[in-house]
Amino acid sequence: MSSPSAVRPAPLDVSKVRADFPVLRQTSHGRPLVYLDSANTAQKPQAVIDAERRVYEEYYANVHRGVYEISARAEQAFEGAREKLRRFLNARERREVVLTRGTTEGINLVASCLVRGGRLKAGDEVLISGLEHHSNIVPWQLACEQSGARLRVAPIDDAGQIRMDELERLLSERTRIVAVGHVSNALGTVNPVAEIVRLAHARGALALVDGAQGAPHLPVDVQALDCDFYAFSGHKMYGPSGTGALYGKAALLESLPPFMGGGDMILSVTFEKTTYNEIPYKFEAGTPNIAGVIALGAAVDYLTALGLPSVAAWEHELLEYATARLQELPGLRIVGTAREKAGVISFVLDGIHPHDIGTVLDYEGVAVRTGHHCAQPVMDRFGVPATARASLALYNTREDIGALARGILKVQEMFK
Amino acid sequence: MSDLRELYQEVILDHSKKPRNLREMTDASSQAQGYNPLCGDRATVYVRLEGDVVEDVSFVGQGCSISTASASIMTEVLRGKTVAEAEALFERFHALVTASPDQAGKAAEDPALGKLAVFAGVCEFPVRVKCASLAWHTLKQALEAPGSAPVSTE
Chain G
81 MSSPSAVRPA
91 PLDVSKVRAD
101 FPVLRQTSHG
111 RPLVYLDSAN
121 TAQKPQAVID
131 AERRVYEEYY
141 ANVHRGVYEI
151 SARAEQAFEG
161 AREKLRRFLN
171 ARERREVVLT
181 RGTTEGINLV
191 ASCLVRGGRL
201 KAGDEVLISG
211 LEHHSNIVPW
221 QLACEQSGAR
231 LRVAPIDDAG
241 QIRMDELERL
251 LSERTRIVAV
261 GHVSNALGTV
271 NPVAEIVRLA
281 HARGALALVD
291 GAQGAPHLPV
301 DVQALDCDFY
311 AFSGHKMYGP
321 SGTGALYGKA
331 ALLESLPPFM
341 GGGDMILSVT
351 FEKTTYNEIP
361 YKFEAGTPNI
371 AGVIALGAAV
381 DYLTALGLPS
391 VAAWEHELLE
401 YATARLQELP
411 GLRIVGTARE
421 KAGVISFVLD
431 GIHPHDIGTV
441 LDYEGVAVRT
451 GHHCAQPVMD
461 RFGVPATARA
471 SLALYNTRED
481 IGALARGILK
491 VQEMFK
Chain R
2 MSDLRELYQE
12 VILDHSKKPR
22 NLREMTDASS
32 QAQGYNPLCG
42 DRATVYVRLE
52 GDVVEDVSFV
62 GQGCSISTAS
72 ASIMTEVLRG
82 KTVAEAEALF
92 ERFHALVTAS
102 PDQAGKAAED
112 PALGKLAVFA
122 GVCEFPVRVK
132 CASLAWHTLK
142 QALEAPGSAP
152 VSTE
C-alpha cells in the first residue's frame, strides 16, 4: 500500500494545515489544545465545516425526489460526493459506493445481508483476527448466531501482528468470509490486507476490509487490493460524524438482498410486491445525511489536495519520532510494536492506571484516549485492562509529542 | 495543578498506593462483583455481617487510583456500621461526588461524611464519578442481592 520509494511525496506544510482546523486554536485548561485522539475521531477543516453550512444556507432539499432547482442542486452535490468517494477508493463504478452512517453500519450491512441472502449457513465459518475493533467482531457474532455459522479468530503475536500462519491454517473450504481491519485502532498495526484478500480468494471466501483507520491515513485502491468490501467512516477522515461508505463489488452487491426497507430503496411498492431499487440505492433506505455526505465530499477533496502519500509520510515520520521520544521515558511500555504501523501509540505506565494518565494529561491540555479502545480482546491478549493511546493525524506536530512527553513526566511525578 | 490536587488528595494517593483491606474473604456472608466497562475496572466486595452489623469488609480488584482509594476508604469507614447506616452513608457519598461544583463545598461540610469528604474534588470530574462509586455500587449489590450478576456502572 505504500507509495513507490523512488517517488518521494511532497512534504506536508503542517503549519498551513493547522491553520485549516479552527478547533486547534482552542485552549484546554488554559493551555493550547494538543489533540492526540484522532483515531477516535478527527477534527474538521474549515472547508468541511463551510461545505456543510453552505448546504443548509443555500440549497438544502431532499435528494432523489424533487423537481425544483435547489433539490436538483442538492442531488448533484450529493451524488458528486459519491463520485469523489469512488475516485478516492479507485472503485470501478460509482454504484459500488454505498453511503452509510459509518464503518459499523457498513460491516453490519454485509454481515446481515449475507445471512439473509443465504450466503452464510450452519456449518459455514467466518474468519476474523484477534486485532479487531468490536465493530468487526459483534456483527459477525450476531450473523453466526442467526445462521449457525462459526466464528474463527486468527490470533496475534506479541508485537500485535496477525499470525499469518494461523490465519492460513484457519482458512478452509468452510470459510465464507474473512473480515480484517486495515489498520488496528488499538495498536496501530498495519495488516497485510492485500495478502489476506489473496488467501481468502484462493479458498473461495469473500474478503472484507474494515478501513476505519486505513482510509484517513493510507492511500486506498480497492481494485489493487481486490477486496470484496471496504468499509470506512467519514468522521475519522476529517468529515462529519454519521457519514461513511461501504465499497462493494457491483456483482456482489447486486446479489445481496436489501439491508433496511423504506423510501429510496424501492422502484415500486404495492401491498403484494415491492421491487427494489438498483444498487447502491437498494442499500440506502430513508433520507440520508445529505449535508453530511456533501461535507464528506469536501473532506475527500481536502485530503486529495494534500495527497494521501504526503499525509502518510508525515504521520509516519511523526510516529517514529514519538516512538523514540516515549521509549526514553522510564516506566513506559508501548503496547503494539508491529513492523508496519500507522500513527497510533498505545502505552502503559508502571503502577499507574491509564484513566489517571488521561486525567493528568487533560490538565496539561493533552487529549488522549484511555480505556480498552473498543478492542477488549486485544487488551486481554496483552494482559492489561486498558491503555492510554496517543493517535496522530495530519495536523499533529513534534511540539505535540513534546507536550505529551512532558505531560507523562507530570503524571509520573504525581503518582510516584 | 491546584485543581488536580483537589482530585488527587494525599489521602487518596496514599490509599491508592497502599489499599487497606485488599484481600479475599473466605467467611464472607455476602459478596458481589462490580464492573466499569468504560475503563475496564473490576472490583469484588466482601462483607461479613453479624446480625445487622458490618463486622468486616474487604475488596479485591483492579482499577484507577480513584476507584482503588474509594474502595479502600469505604472498607475503613464501614466497619461497625449497621446495614442501614452503610446505605445512608452511600447516599451521602453519592450526593457528594455528584454535587454541582458550586455546591461541592457545602456538600463536603456534611459531618456524617467523615473521611469520605476527601472525595469532594470528584464532582469537578464528571467522567471520574463512576470510578469513585464502583465499590459502593458493588457493596450495595452485596447487601441487597448477593450472588446476582455483576453490577455495572453503565
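As given, the protein sequences belong to chains G and R, one line each in that order.
Position one of the first sequence corresponds to residue 81 (our numbering), numbered consecutively onward.
Position one of the second sequence corresponds to residue 2 (our numbering), numbered consecutively onward.
Virtual Cβ for every residue (Gly too), placed ideally from N, Cα, C.
In DSSP terms, what residue i is bridged to
i	result
T269(G)	K421(G)
Y115(G)	A447(G)
Y310(G)	V289(G) and Y327(G)
I432(G)	L429(G)
I187(G)	I187(G) pairs with nothing; no bridge assigned.
L23(R)	F60(R)
V511(G)	With chain G running from 81 to 496 in the structure shown, residue 511(G) is simply not present.
S134(R)	None; S134(R) has no bridge partner.
E11(R)	Note: E11(R) sits in no beta bridge, so no partner.
T83(R)	V54(R)
T467(G)	G451(G)
A207(G)	It should be pointed out that residue 207(G) corresponds to Leu in this sequence rather than to Ala. For L207(G), which the question treats as bridged, DSSP gives the partners R232(G) and V258(G).
S153(R)	Y36(R)
For residue j and residue i, the rounded distance between their alpha carbons
i	j	result
L8(R)	Q104(R)	16 Å
V448(G)	K353(G)	52 Å
R232(G)	D57(R)	46 Å
S95(G)	V195(G)	49 Å
A485(G)	K131(R)	28 Å
P91(G)	N476(G)	14 Å
G342(G)	L189(G)	15 Å
H138(R)	V289(G)	41 Å
S83(G)	A392(G)	In this prediction, S83(G) has a pLDDT of 47, which is less than 50 and means its spatial position is unreliable; nothing more can be read from the coordinates.
K316(G)	R49(R)	50 Å
V54(R)	V152(R)	23 Å
R278(G)	W220(G)	21 Å
E138(G)	A371(G)	11 Å
S252(G)	F309(G)	20 Å
E493(G)	G423(G)	27 Å
L304(G)	S134(R)	Checking the sequence shown, residue 304(G) turns out to be Ala, not Leu. Roughly 52 Å separates the two Cα atoms.
R145(G)	G366(G)	12 Å
T355(G)	P38(R)	44 Å
E479(G)	R405(G)	12 Å
W394(G)	A483(G)	18 Å
S71(R)	P299(G)	48 Å
P338(G)	V260(G)	23 Å
Assigned exposure category for residue i - 16 Cβ within 10 Å defines buried
i	result
P102(G)	exposed
V143(G)	buried
R249(G)	exposed
F312(G)	buried
A157(G)	buried
V147(G)	exposed
Q226(G)	exposed
K201(G)	exposed
K164(G)	buried
S258(G)	Checking the sequence shown, residue 258(G) turns out to be Val, not Ser. By the 10 Å Cβ count, V258(G) comes out buried.
P434(G)	buried
P340(G)	The amino acid occupying residue 340(G) in the given sequence is Met; Pro does not appear at that position. The residue is exposed, with fewer than 16 neighbouring Cβ atoms inside 10 Å.
R105(G)	exposed
Q407(G)	exposed
Q126(G)	exposed
E173(G)	exposed
F427(G)	buried
Contact test: residue i Cβ vs the ligand ATP heavy atom, cutoff 8 Å
i	result
E364(G)	With respect to the ligand ATP, the structure offers nothing, as it holds no ligand at all.
Using Cβ-Cβ distances below 9 Å, what residues of the region 117-140 of chain R are close to chain G?
F126, V128, R129 and C132
Quick one: which unbroken alpha helix (DSSP H) runs of 4-plus residues sit fully inside the region 322-379 of chain G? Chain order, please.
330-335
For the region 449-477 of chain G, enumerate the residues whose C-beta is nearer than 9 Å to any C-beta of chain R, in chain order.
T450, G451, H452, Q456, M459, V464, P465 and A466
Can you give, in chain order, each stretch of the beta strand (DSSP E) that sits fully within the region 209-269 of chain G and has at least 3 residues?
230-234 and 255-261
Report the residue ranges of all beta strand (DSSP E) runs contained in full by the region 28-80 of chain R; include only those spanning at least 3 residues, in chain order.
Restricting attention to beta strand (DSSP E) runs no shorter than 3 residues, the region 28-80 of chain R encloses them at 31-37, 42-51 and 54-63, ordered along the chain.
Using Cβ-Cβ distances below 9 Å, what residues of the region 84-118 of chain G are close to chain R?
Of all residues in the region 84-118 of chain G, H109 have a Cβ within less than 9 Å of some Cβ in chain R.
What beta strand (DSSP E) runs, 3 residues minimum, are completely inside the region 108-174 of chain G?
Contiguous beta strand (DSSP E) elements confined to the region 108-174 of chain G do not occur, taking only those with 3 or more residues.
Note down, in chain order, all residues in the region 61-92 of chain R with a beta-carbon under 9 Å from any beta-carbon belonging to chain G.
Close to chain G, meaning a Cβ-Cβ distance shorter than 9 Å, are the following residues of the region 61-92 of chain R: Q63, G64, C65, S66, I67, S68 and T69.
If you measure beta-carbon to beta-carbon, which residues of the region 41-61 of chain R are closer than 8 Å to chain G?
G41, D42 and R43
Contact list for the region 23-41 of chain R against chain G, Cβ threshold 7 Å
Taking 7 Å as the Cβ-Cβ cut-off against chain G, the residues of the region 23-41 of chain R that qualify are L39, C40 and G41.
Chain R contacts from the region 206-226 of chain G (Cβ-Cβ distance under 8 Å)
Of all residues in the region 206-226 of chain G, none is placed with a Cβ closer than 8 Å to any Cβ belonging to chain R.
Contact list for the region 477-496 of chain G against chain R, Cβ threshold 9 Å:
K490, M494 and F495
Select from the region 163-185 of chain G all residues with a C-beta closer than 8 Å to any C-beta belonging to chain R, and list them in chain order.
So nothing in the stretch comes that close.
What are the residues in the region 435-447 of chain G lying within 7 Å of chain R by C-beta distance?
H435, D436, T439, V440 and Y443
The region 258-281 of chain G: which residues have C-beta closer than 8 Å to a C-beta of chain R, in chain order?
none
Please identify, using Cβ separations under 9 Å, the residues of the region 5-20 of chain R that lie next to chain G, in order along the chain.
L5, R6, L8, Y9, L14, S17 and K18
Residues within the region 379-400 of chain G neighbouring chain R, beta-carbon criterion of under 9 Å
none
With 9 Å as the C-beta to C-beta threshold (strictly closer), list the residues of the region 423-434 of chain G near chain R in chain order.
G431, I432, H433 and P434
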